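Student:
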Amino acid sequence: MLIEQLINGLTLGSIYVVVALGYTLVFGVLNIVNMGHGEIFMFGAFMGVIVTNSLGLPLYVAFLVAIIVTGILGYFLERFALRPLRGKEGVSHLAPLISTIGVSIFLENAAHHFFGAGNQPFRTSFSELNITIGSTTVYYVQILIFVIAILLMFGLTFWLSKTKAGKALRASAENLAVASLLGVNTKRVITQTVIIASAMGGIAGILVGIAFNSVNPQMGLSFGLKGLAIIILGGLGNVRGAMAGGLILGLSETFLVAYGNSGYRDAIAFIAIIVILIVRPQGLFGTSTSKSKG
Amino acid sequence: MNKRIKLLFSVLMVFSLVVLTACGNNTKDAGDKEIGADGAVKAKIGVISYLTGPGAGYGEAITNGLKLANKELKEAGEVDLELKIEDSAGKQEEALSAAQKLMNSDNVDAIIGPTLSTEMFVVGPEAELNGVPIMGTSNTAEGVPQLGEYVFRNSIPETLAIPASVQKAIEKYDVKKVAILYGNDDVFTKAGYDVMKKVAEDLNLEVVTTETFQLGQSDYKAQLTKIKNLNPDLILASALYNEGAVILDQARKMGLDVPFVGGNGFNSPEVIKIAGEASNGLIVATPWFAHKDDEKVKSFVKNYKEAYGVEPDQFAAQAYDGLYLMAEAVKNAGVADRDEIRDALAAIKDFKGVLGTMSFDEDGDIVMEPTVLIIEGNEYIVFE
Amino acid sequence: MLSELINPYYLQVATFILLNIILGVSIYITLGTGQLSLGHAGFMSIGAYTSAILTLNYNVPLVIGIIIAAVFTGFIGVLIGFPALRLQGVYLAIATLGFGEVIRVLFINWEGLTNGAIGIRGIPHLGREILSFSESLGFSPGMIGLKNNQFVSLAVFLVLLIISIGVIWFFIRQSNSRIGRAFASIKMDEEASEAMGINITYYKILAFGQGALLAGFAGALYAHLTAYISPSDFGYHRAVEILIFAIFGGSEVIWGPIFGAIFLSTMPEFLRVISEYRFMIYGALLVLMMAFRPQGLIDTNVVNWIKRPRLKKKEGKHGTGNKKDK
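Chains as they are written, first to last, in my numbering: chain A, 3 to 296; chain B, 41 to 424; chain C, 185 to 510.
Right, here's the structure in full:
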């Protein structure tokens, strides 16, 4: 039972990680919490449903379509909800938060209209494959999810620290005006970042679909809020923090159910945020305190 | 800058003016509640239904059922009912506003609805105060008919449905240990759980564990792994079909193959659509079974399919019978009078509808025998 | 004659608009110091549950129940306000969002007290209590030609109208006082205000507590208006809905959230088409407002523009108007 629950926790945690990485990336560059990320993630999951279930196409097409559609949504989000606010006089720092809340509400209810309120099945032959070791059954999906989460984390770290685009991105994160003076096309960097973050949301969406066979319009909110909690836990804008935070949350939720009271499962994330914010606002792995004055 | 504001403001003003006139047009028409020339008793029936929002599917089925029944009633010619349909969007405040509108602006003689028990808890006392008979066709929570003298329902409560299905399951399988799984943040599933707990106690079943989940959750593996390791003979799951179907799917995937007993909310063809093979072994008690060998049922299913293209679910069937019960009361009362209709409703005994034979008890609650079903070979069949 | 004019349906709609106005003002007070709270639905639920439990289980009179509920919620608000002080902007918003969710989960699980997801029903209804009270005094609605339900709706509406006017009046007075100017200054620039000797801690907590108190008050009223509450009435969507009143209407002057609450709660009643797309429209509104008019529809300019004709008549007083309150 312990091993099974450990696997459950790691699967859930890995999905949280992929969701949280999207938040972290946007926050790292723009200092903005993108409240619309959860709903973009949900759209990614629905794309998977449409491609695999309704059109009967293979899984990799689902990944492609989800990445493209969520990328486009990300572009629109940046274009309409973030860009108009940038560099405008007298716009409070809360404005992007509010306008992305707007995006999230809009997308959630749009999904209600397009896809219906209920759960959609996500059937692929891949999600049936499994190996049994002793009494424990492990599905390939679970391994895949874990691997993707790790790959994304290392890929992102590598991209940020070694590539030119990544360096431009970090320069913009440090100081937009100076980066712009140094010849970085900050507008492009920002758009790029939001698109990449959204596409990662799309990937996470498909992963949830195959892992849990459950896709519905409300999942954006519940996973989105968890993702939010994770980046606070791990430290805003911190890639490794998001990784650790996601796994911690996934495991602790699973073990609370396994050995405690499942009724409080949803509260863990939020109690953790409140405690962390009060005790250690920079997050478990954050270092700078100056940034906490968002 | 100032000009722009002025413009904005004037646009707004015009807009609100339009709205005000729109509301002005809403004149009330004092209905002529006389007996028509052809001898049919005329009455106005208000309907409060969940037509927009996440639960709009329920409201749609309900209004479809009502409209079909009304069409048939009109053709039969004994009563002439006019339906006034209002949307509640599943919210208490809006259900209350809709009820106020129906009772006071439209002067309806009786109300059918609202869809959710939570809405009924708010609307019921108000209808009682106004002396308007109100009948829920989909409220299953405990305490609904007890809201007042004028409050009725024709949907079977969980207190009737769950014991019937658990009893049957125990007879069939050798059940000693059960696990309970329920949604703790929803009125419906929580109420179902309370009944399950009591039934398990009454039948001396050992409850190995009680687990909860929340609406819209995706991952049930932690709870199911725990349940699996405790080896129950039967799982009592109080879930709505949306979550329930996913639970079944995840349970079967991890090799948890014992039968499930669900509440009324778990009973939907959608379960099979979402969970496929995994749905086999789900036992539910239902007031409505579309494949019953009964003339009334067959013709209802046929007509409904012709009109709306889908098979009627229990919400449509309950609404359909609901209006027939109301029509019976109007007919027996002979006049469109709120008090007379209430008394006639309370007096209904052994009325035959598509659900079965119905009567009301002294609270105004339905009395009838539910049918216990099981999913086998990807379809619902009668469980014996 | 009176009985034909009074339609409980319109009164009912108007009553909920008044309730939304109080909620709009409650978020406006907190926003007024630059603090964004997404926890107002949580405060509302604390108020609602406190008053419901007190009146139902301990037979506390309704009025006292509501007052205790409001004060208690305000107290919780102050308690939350202290740690919240360390947080700014986005962090505060997320922490309050977390607070709201924790409260909701707590109310779901604390079954002994709150009856869990089933909710509490049979809460004394404000209007029906007034009715039975006036009947005990020997007055019946029939005496002025009203039906019982008309009297109930009318009484509820009038009570809420008086309360709302009182609340608005109080906060207009406050915004023209030392406190109001301190709030405005903190919203503009916190560090500069501190340098000028404004006690930031005190004023921020005051604003947070006032917002919480008002939200709890509205929550208690809500409980006694619908006579039934359950944790799902106070979720994330409720918090966003409250926020939208102030964002759409405007958070600079008190008329903003009032206008926002009236406009946004009237719309769906008249245009049922809108009702279906309501939250999509809300979402689009938030984005559009932030892009084109982040201060909301009603700001100081609009208020001045409306007031201008009146001010022209008593010219000369213009520049000195502010000093009166000192």
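For every residue, glycine included, the Cβ atom is placed at its ideal position computed from N, Cα and C. These numbers were taken from a predicted model, which means no experiment stands behind them.
Residues of the stretch 162 to 189 of chain B with a CB closer than 8 Å to any CB of chain C: list them in chain order, please.
Tutor: Within the stretch 162 to 189 of chain B, the residues whose Cβ lies closer than 8 Å to some Cβ of chain C are Val162, Pro165, Glu166, Leu169, Asn170, Ala181, Gly183, listed in chain order.
Student: Could you tell me the alpha carbon to alpha carbon distance between histidine 502 of chain C and lysine 491 of chain C, rounded to whole angstroms?
Tutor: Sequence index remark: in the third sequence, residue 502 of chain C carries index 318 (1-based). Sequence index remark: in the third sequence, residue 491 of chain C carries index 307 (1-based). Below a pLDDT of 50, predicted positions are generally treated as unreliable, and histidine 502 of chain C, at 47, falls in that range; the measurement from the model is reported next regardless. Approximately 11 Å between the Cα atoms of the pair.
Student: Does any residue of chain B have a CB that is nearer than 8 Å to the CB of serine 216 of chain A?
Tutor: The residue given as residue 216 of chain A occupies position 214 in the first sequence. Closer than 8 Å: yes.
Student: Using 8 Å as the threshold, is the C-beta distance between phenylalanine 108 of chain A and glycine 467 of chain C below it?
Tutor: Within the first sequence, numbered from 1, the residue matching residue 108 of chain A stands at position 106. Within the third sequence, numbered from 1, the residue matching residue 467 of chain C stands at position 283. Yes; because the gap between Cβ atoms is below 8 Å, this pair is in contact.
Student: Who are the Cβ neighbours of isoleucine 431 of chain C in its own chain at under 7 Å, not counting the five residues just before and after it?
Tutor: Position 247 of the third sequence, counted from the first residue, corresponds to residue 431 of chain C. Taken in chain order, the residues that qualify are Leu470, Met473, Gly480.
Student: Which residues, in chain order, does the stretch 221 to 250 of chain B contribute to contact with chain C at a C-beta distance below 9 Å?
Tutor: Listed by position along the chain: Gly223, Asn224, Asp225, Asp226, Val227, Phe228, Thr229, Lys230, Ala231, Asp234.
Student: Per DSSP, what kind of secondary structure is valine 191 of chain B in: helix, strand or coil?
Tutor: Looking up residue 191 of chain B in the second sequence gives position 151. In this structure, valine 191 of chain B counts as strand in the three-state DSSP scheme.
Student: Among A:Thr138, A:Ser216, A:Gly104, which residue has its Cα nearest to the Cα of glycine 46 of chain A?
Tutor: Taking the first residue of the first sequence as 1, we reach residue 46 of chain A at position 44. Comparing Cα positions, the closest option is A:Ser216.
Student: Hey, how far is the Cα of valine 28 of chain A from the Cα of leucine 171 of chain A?
Tutor: Translated into the one-based positions of the first sequence, residue 28 of chain A becomes position 26. Translated into the one-based positions of the first sequence, residue 171 of chain A becomes position 169. Between valine 28 of chain A and leucine 171 of chain A, the C-alpha separation is close to 10 Å.
Student: Take glycine 157 of chain A and list the residues in its own chain whose beta-carbon comes closer than 7 Å to its own, dropping the five residues that flank it on each side.
Tutor: Numbered from its first residue, the first sequence carries residue 157 of chain A at position 155. None.
Student: So with CB distances below 9 Å, who are the chain B contacts of isoleucine 272 of chain C?
Tutor: As a first step, residue 272 of chain C is located in the third sequence; it is residue number 88 there, counting from the start. The residue you asked about is not isoleucine; residue 272 of chain C is glutamine in the sequence shown. In chain order: nothing, as chain B lies at least about 30 Å away.
Student: Thinking C-beta only, is tyrosine 406 of chain C closer than 8 Å to leucine 203 of chain C?
Tutor: As a working mapping, residue 203 of chain C is identified with position 19 in the third sequence. As a working mapping, residue 406 of chain C is identified with position 222 in the third sequence. Result yes, Cβ atoms of leucine 203 of chain C and tyrosine 406 of chain C sit closer than 8 Å.
Student: Any contact between the stretch 209 to 221 of chain B and the stretch 264 to 284 of chain B? By contact I mean 3 or more CB pairs, one from each, below 8 Å.
Tutor: yes
Student: Which residues in chain D have a C-beta closer than 9 Å to the C-beta of glutamine 140 of chain B? List them in chain order.
Tutor: Included in the structure are the protein chains A, B and C, with no chain D among them.
Student: Apart from the five residues on each side of it in sequence, which residues of its chain come closer than 8 Å, Cβ to Cβ, to glutamine 144 of chain A?
Tutor: One-based indexing of the first sequence puts residue 144 of chain A at position 142. The residues are Ile9, Leu12, Thr13, Ala213.
Student: Roughly how far, in whole angstroms, is the beta-carbon of serine 229 of chain C from the beta-carbon of phenylalanine 418 of chain C, given that I think they are within contact range, below 8 Å?
Tutor: Indexing the third sequence from 1 puts residue 229 of chain C at position 45. Indexing the third sequence from 1 puts residue 418 of chain C at position 234. Their Cβ separation, rounded to whole angstroms, is 4 Å, which keeps serine 229 of chain C and phenylalanine 418 of chain C in contact under 8 Å.
Student: Kindly indicate which residue of C:Thr298, C:Phe200, C:Leu276, C:Gly282 has the alpha-carbon position closest to the one of serine 224 of chain A.
Tutor: Taking the first sequence and counting its residues from 1, the one referred to as residue 224 of chain A is at position 222. Measuring from the Cα of serine 224 of chain A, the nearest candidate turns out to be C:Gly282.
Student: Taking CB distances under 8 Å as the criterion, tell me whether histidine 39 of chain A reaches chain C.
Tutor: One-based indexing of the first sequence puts residue 39 of chain A at position 37. Chain C, which has no Cβ nearer than 8 Å to the Cβ of histidine 39 of chain A, makes this no.
Student: Take lysine 293 of chain B as the anchor and find which of A:Ala274, A:Ser127, A:Gly40 has the nearest alpha-carbon.
Tutor: By one-based count along the second sequence, residue 293 of chain B stands at place 253. Ranking the options by Cα distance to lysine 293 of chain B, first place goes to A:Ser127.
Student: Excluding sequence positions up to five away, which residues of its chain have a Cβ less than 6 Å from the Cβ of alanine 330 of chain B?
Tutor: Taking the first residue of the second sequence as 1, we reach residue 330 of chain B at position 290. Excluding sequence neighbours, alanine 330 of chain B sits near Val341, Glu351.
Student: Within the same chain, show all residues whose beta-carbon is closer than 6 Å to that of arginine 422 of chain C, passing over the 5 residues directly before and after it, in chain order.
Tutor: Residue 422 of chain C sits at position 238 when you count from the first residue of the third sequence. Ala225, listed in sequence order.
Student: Please confirm if asparagine 144 of chain B has its CB atom under 8 Å from at least one CB of chain C.
Tutor: Translated into the one-based positions of the second sequence, residue 144 of chain B becomes position 104. Output row for asparagine 144 of chain B: interface = yes.
Student: Output the distance between the C-alpha atoms of glutamate 499 of chain C and lysine 189 of chain A, rounded to the nearest integer angstrom.
Tutor: As a first step, residue 499 of chain C is located in the third sequence; it is residue number 315 there, counting from the start. As a first step, residue 189 of chain A is located in the first sequence; it is residue number 187 there, counting from the start. Residue confidence is low: glutamate 499 of chain C scores 49 on pLDDT, short of 50, so the model does not pin down where it sits. Its coordinate-derived value is still stated next. Distance between the alpha carbons of glutamate 499 of chain C and lysine 189 of chain A is about 50 Å.
Student: According to DSSP, is glycine 105 of chain B helix, strand or coil?
Tutor: Position 65 of the second sequence, counting from 1, holds the residue named residue 105 of chain B. It is helical.
Student: Determine whether the beta carbon atoms of isoleucine 202 of chain B and asparagine 320 of chain B lie at a separation below 8 Å.
Tutor: As a working note, residue 202 of chain B is residue 162 in the second sequence. As a working note, residue 320 of chain B is residue 280 in the second sequence. Not closer than 8 Å, so no.
Student: Residues bridged to serine 120 of chain B by DSSP?
Tutor: In the second sequence, the residue the question calls residue 120 of chain B occupies position 80. The residue you asked about is not serine; residue 120 of chain B is aspartate in the sequence shown. Aspartate 120 of chain B pairs with B:Lys82.
Student: Please classify phenylalanine 48 of chain A: is it buried, with 16 or more other beta-carbons within 10 angstroms of its beta-carbon, or exposed?
Tutor: In the first sequence, residue 48 of chain A corresponds to position 46, counting from 1. Buried, because 16 or more other Cβ atoms sit within 10 Å of the Cβ of phenylalanine 48 of chain A.
Student: Count the CB pairs spanning the stretch 180 to 192 of chain B and the stretch 155 to 164 of chain B that are closer than 8 Å, and state whether there are at least three.
Tutor: The way I'd put it, the stretch 180 to 192 of chain B does touch the stretch 155 to 164 of chain B; three or more beta-carbon pairs between them come closer than 8 Å.
Student: Between isoleucine 384 of chain C and chain A, is there a C-beta pair that is closer than 8 Å?
Tutor: Counted from its first residue, the third sequence places residue 384 of chain C at position 200. Not an interface residue.
Student: Below 7 Å, is the gap between the Cβ of glutamine 394 of chain C and the nearest heavy atom of the ligand SAM?
Tutor: Only the bare structure without any ligand can be found here, which leaves the ligand SAM out of the picture.
Student: Give the residues of chain C in contact with alanine 22 of chain A, contact being defined as C-beta atoms less than 9 Å apart.
Tutor: Counting from one through the first sequence, the residue named residue 22 of chain A turns up at place 20. None at all; the shortest Cβ gap to chain C is about 13 Å.
Student: Nearest chain B C-beta to isoleucine 349 of chain C closer than 8 Å, yes or no?
Tutor: Taking the first residue of the third sequence as 1, we reach residue 349 of chain C at position 165. No, its Cβ sits nowhere closer than 8 Å to a Cβ of chain B.
Student: Could you tell me the alpha carbon to alpha carbon distance between threonine 92 of chain B and proline 452 of chain C, rounded to whole angstroms?
Tutor: Numbered from its first residue, the second sequence carries residue 92 of chain B at position 52. Numbered from its first residue, the third sequence carries residue 452 of chain C at position 268. One C-alpha to the other measures close to 12 Å.
Student: What does aspartate 289 of chain B touch in chain A if you count any residue whose Cβ is under 9 Å from its own?
Tutor: For the purposes of this step, residue 289 of chain B is identified with residue 249 of the second sequence, where counting begins at 1. Within 9 Å Cβ-Cβ: Pro123, Phe214, Asn215, Ser216.
Student: Return the Cβ separation of tyrosine 25 of chain A and asparagine 293 of chain C in integer angstroms, given the expectation that the two are a contact with Cβ distance under 8 Å.
Tutor: Translated into positions along the first sequence, residue 25 of chain A becomes position 23. Translated into positions along the third sequence, residue 293 of chain C becomes position 109. Contact doesn't hold; Cβ gap of about 28 Å is too wide.
Student: Shortest alpha-carbon distance to glutamate 112 of chain B belongs to which of B:Met398, B:Asp361, B:Asp403, B:Leu385?
Tutor: On the second sequence, residue 112 of chain B is found 72 positions in, with the first residue counted as 1. Restricting attention to B:Met398, B:Asp361, B:Asp403, B:Leu385, the CA atom closest to the CA of glutamate 112 of chain B is found in B:Asp361.
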